[in-house]
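K.L.:
Each residue of the sequence shown is one higher than the one before, counting from 13 in the numbering used here. Yeah, the Cβ is synthetic: ideal placement off N, Cα and C, and Gly gets one too. Source: prediction; values computed, not measured. Quick one: this structure, given as structure tokens, is what I'll be asking you about.
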Amino acid sequence: MRTRTTALCLVLIAMAGCGDDSQSPGLVARAGDYEFTVDDVVALLVDEEGLPIQVSVVQSLAELWVDYTLLAEAATEDSTFAHIDFEGLIRPLVQQSMILQLRDSVIRVDTAITEAELQALYEADAPALEIHARHILLTFPPQATEAQRDSVTAHLQEIRGQISAGASFEEMARTYSQDPGTAADGGDLGFFGRGVMVSPFEEAVLELDEGELSEVVQTPLGLHLIRLEERRIQGFDEVATDFRAFVQSQRTVVAESTFVAGLEERSAPAIVDGGLDVARELARAPDTRLSGRVAQRALLEWPDGAYRAGEFLDLIRSDQGPLREEVVGATDEELRNFLHAQARGQLLVDEARRIGLEVGPATIDSLTQEARTQLRAATRLLGLLTLDQAPGEALERAIARAVRDALGDNLSGATRIVPLGLVRFQLREGVPIAVLDAGVGQVLVRVAQARSLRGPSALEESSGAPTEPPDSVAR
Numbered sequence: 013m014r015t016r017t018t019a020l021c022l023v024l025i026a027m028a029g030c031g032d033d034s035q036s037p038g039l040v041a042r043a044g045d046y047e048f049t050v051d052d053v054v055a056l057l058v059d060e061e062g063l064p065i066q067v068s069v070v071q072s073l074a075e076l077w078v079d080y081t082l083l084a085e086a087a088t089e090d091s092t093f094a095h096i097d098f099e100g101l102i103r104p105l106v107q108q109s110m111i112l113q114l115r116d117s118v119i120r121v122d123t124a125i126t127e128a129e130l131q132a133l134y135e136a137d138a139p140a141l142e143i144h145a146r147h148i149l150l151t152f153p154p155q156a157t158e159a160q161r162d163s164v165t166a167h168l169q170e171i172r173g174q175i176s177a178g179a180s181f182e183e184m185a186r187t188y189s190q191d192p193g194t195a196a197d198g199g200d201l202g203f204f205g206r207g208v209m210v211s212p213f214e215e216a217v218l219e220l221d222e223g224e225l226s227e228v229v230q231t232p233l234g235l236h237l238i239r240l241e242e243r244r245i246q247g248f249d250e251v252a253t254d255f256r257a258f259v260q261s262q263r264t265v266v267a268e269s270t271f272v273a274g275l276e277e278r279s280a281p282a283i284v285d286g287g288l289d290v291a292r293e294l295a296r297a298p299d300t301r302l303s304g305r306v307a308q309r310a311l312l313e314w315p316d317g318a319y320r321a322g323e324f325l326d327l328i329r330s331d332q333g334p335l336r337e338e339v340v341g342a343t344d345e346e347l348r349n350f351l352h353a354q355a356r357g358q359l360l361v362d363e364a365r366r367i368g369l370e371v372g373p374a375t376i377d378s379l380t381q382e383a384r385t386q387l388r389a390a391t392r393l394l395g396l397l398t399l400d401q402a403p404g405e406a407l408e409r410a411i412a413r414a415v416r417d418a419l420g421d422n423l424s425g426a427t428r429i430v431p432l433g434l435v436r437f438q439l440r441e442g443v444p445i446a447v448l449d450a451g452v453g454q455v456l457v458r459v460a461q462a463r464s465l466r467g468p469s470a471l472e473e474s475s476g477a478p479t480e481p482p483d484s485v486a487r
């Protein structure tokens, strides 16, 4: 059976709401005058046997088809993308530049350290301790219920019991661990120093003796079982240069934290009434169009400024990871902490602006041009920048064919999926878009039927891999 690791990324793409249209039989999606048919989707998915046939996968493929179709159409109108507004896209880079200028301007740290001082710090902190450990990670489903969390915990406790009874930690890690970076190596994390792992993990592993197995440990990544393999300590002479740089860096971090804390204490940002609800609603529906007045609505405010709904929506739209789901599923306390972190960044930008540390027009133009160049390169990579249009062929037909080819290359692993972030929302503005439930269901049935009628592949026969019963394909 062929496995397409790249294609699995499809399930991470943010999905728009699905609808249904009984007047559109045989369609999975529509974007303006373009149509994505059941036949199109079945042809793309039927041979991708490493990709599970699930509603979320078909919906995500349809959303990607919408993005690629609108991108191809935009490229035919202007291949330089001069009509795309990159302001929101480059804003984080502009703000980062301002914050770095502010740090260099106002933070003064004494980083001169004598050899004797350095050795005393080394002996006090034992920073050269290195730990070799293995772990098994189980993650929670997005927006997991209490029952789901209890189920994952019980599963890991069961695994722990089997290891304690003599099962191989390495084999259990290969079988069950959901850490893609270490599972195949039996959960081996190699050697790492202090401060590398998240706090609960580090605290737990430091309490273990060599060869000892931890209890279940929870971190922001999920639940872990940890086994300490070895401890070792390097001598001062071996680590002096790196340790000096570490101490200097830590002093800078402390100075920066003190400066930021002072700004925050003076300004005292506060969540406005309803701010948490607004943030969650924007995370649930990032396609929401905000009027100028609503975009200026404060989520947090302080005497001289605010962190606003429009800025938060741009953050949600730009993120290619699970931020949306994390915001929607966060507790009130977690969401407050997250919004306060965004406010701290805005306070720093405001302070930089107050003392005249603006980013010049030339830098902004350069960042904009770089963003435009990257979008052109991604469009070219997908084969959507310059279409192979046959003589007399309608432009719409050429675009449709190029988009299907691009999706096929993504699914096969020949090219990488290109997430468009903020650009996708500009491309979609004013375009009627629908992903149709009935068409999604038809795809699931037809792909399952087609796969169930096939015998094992030559690769499966030669490897002796067992085949699943036909009805398991549609589960």
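Note down the Cα distance separating Ser211 from Gln230, rounded to an integer number of angstroms.
P.N.:
On the sequence shown, position 199 is the one that residue 211 refers to. On the sequence shown, position 218 is the one that residue 230 refers to. Distance between the alpha carbons of Ser211 and Gln230 is about 10 Å.
K.L.:
Taking Cβ to Cβ, would you say Val50 is nearer than 7 Å to Gly62?
P.N.:
On the sequence shown, position 38 is the one that residue 50 refers to. On the sequence shown, position 50 is the one that residue 62 refers to. No, Cβ-Cβ distance for Val50 and Gly62 is not below 7 Å.
K.L.:
Using the C-alpha atoms, what's the distance from Leu73 back to Asp52?
P.N.:
Counted from its first residue, the sequence shown places residue 52 at position 40. Counted from its first residue, the sequence shown places residue 73 at position 61. Rounded to the nearest angstrom, the two C-alpha atoms are 11 Å apart.
K.L.:
So what's Ala19 in DSSP terms, helix, strand or just coil?
P.N.:
Against the sequence shown, residue 19 aligns to sequence position 7. At Ala19 the pLDDT is 32, less than 50, meaning the model places this residue with poor confidence; the figure from the coordinates comes in the next sentence. Helix.
K.L.:
Report, in whole angstroms, the separation of the C-beta atoms of Ile111 and Leu456, which I expect to be a contact under 8 Å.
P.N.:
The sequence position of residue 111 within the sequence shown is 99, counting from 1. The sequence position of residue 456 within the sequence shown is 444, counting from 1. Rounded, the Cβ-Cβ distance is 48 Å, inconsistent with contact.
K.L.:
Quick one: using the 10 Å Cβ neighbour count with 16 as the cut-off for buried, is Ala321 buried or exposed?
P.N.:
Here residue 321 is taken as the residue at index 309 of the sequence shown, counted from 1. Buried, since its Cβ has 16 or more Cβ neighbours within 10 Å.
K.L.:
Please classify Arg239: does DSSP put it in a helix, a strand, or coil?
P.N.:
The residue labelled residue 239 in the question sits at position 227 within the sequence shown. Strand, per DSSP.
K.L.:
Would the beta-carbon of Met209 be found less than 6 Å away from any heavy atom of the ligand FAD?
P.N.:
In the structure on display, the ligand FAD does not appear, and there are no ligands present to speak of.
K.L.:
Starting from Gly202, trace the beta strand (DSSP E) both ways and give me its first and last residue.
P.N.:
The sequence position of residue 202 within the sequence shown is 190, counting from 1. That run of the beta strand (DSSP E) goes Asp200 to Gly205.
K.L.:
Specify, as a first and last residue, the run of the alpha helix (DSSP H) that Gln246 falls within.
P.N.:
Residue 246 sits at position 234 when you count from the first residue of the sequence shown. Neither: Gln246 is in no alpha helix (DSSP H) and is coded neither H nor E.
K.L.:
Give every residue of the same chain whose Cβ lies closer than 8 Å to the Cβ of Asp417, excluding the five residues on either side of it in the sequence, and list them in chain order.
P.N.:
Indexing the sequence shown from 1 puts residue 417 at position 405. If the five residues before and after Asp417 are omitted, its C-beta is found closer than 8 Å to the C-beta atoms of Gly395, all from its own chain and listed in chain order.
K.L.:
Buried or exposed: which applies to Thr385, given that a residue is buried once 16 or more other Cβ atoms fall within 10 Å of its Cβ?
P.N.:
Along the sequence shown, one-based indexing puts residue 385 at 373. Thr385 should be labelled exposed.
K.L.:
Taking the alpha carbon of Leu105 as the reference point, which residue from Leu379, Met184, Val306 and Leu141 has its own alpha carbon closest?
P.N.:
Position 93 of the sequence shown holds residue 105. It is Leu379.
K.L.:
Between the Cα of Asp200 and the Cα atoms of Leu327, Gly451, Ala267 and His144, which residue gives the shortest distance?
P.N.:
Counted from its first residue, the sequence shown places residue 200 at position 188. Nearest C-alpha to Asp200: His144.
K.L.:
Buried or exposed for Ile171, please, with buried defined as at least 16 other CB atoms from any protein chain shown within 10 angstroms of its CB.
P.N.:
Looking up residue 171 in the sequence shown gives position 159. In summary, Ile171 is buried, with 16 or more beta-carbon neighbours lying within 10 Å of its beta-carbon over all protein chains present.
K.L.:
Just verifying my parser: in three-state terms, what is the DSSP assignment at Phe255?
P.N.:
Within the sequence shown, residue 255 is the residue found at index 243, counting from 1. Reduced to three states, the DSSP call for Phe255 is helix.
K.L.:
Quick check for students: name the residue ranges of the alpha helix (DSSP H) that lie wholly in the region 34-80, counting only runs of 4 or more.
P.N.:
50-57
K.L.:
Is it buried or exposed for Asn349, if we count other Cβ within 10 angstroms and need 16 for buried?
P.N.:
In the sequence shown, counting from the first residue as 1, residue 349 sits at position 337. By the 16-neighbour rule on beta-carbons within 10 angstroms, Asn349 is exposed.
K.L.:
Can the beta-carbon of Ala310 be found less than 7 Å from the beta-carbon of Ala318?
P.N.:
As a position in the sequence shown, residue 310 is number 298, starting the count at 1. As a position in the sequence shown, residue 318 is number 306, starting the count at 1. Taking 7 Å as the Cβ cut-off, Ala310 and Ala318 qualify as a contacting pair.
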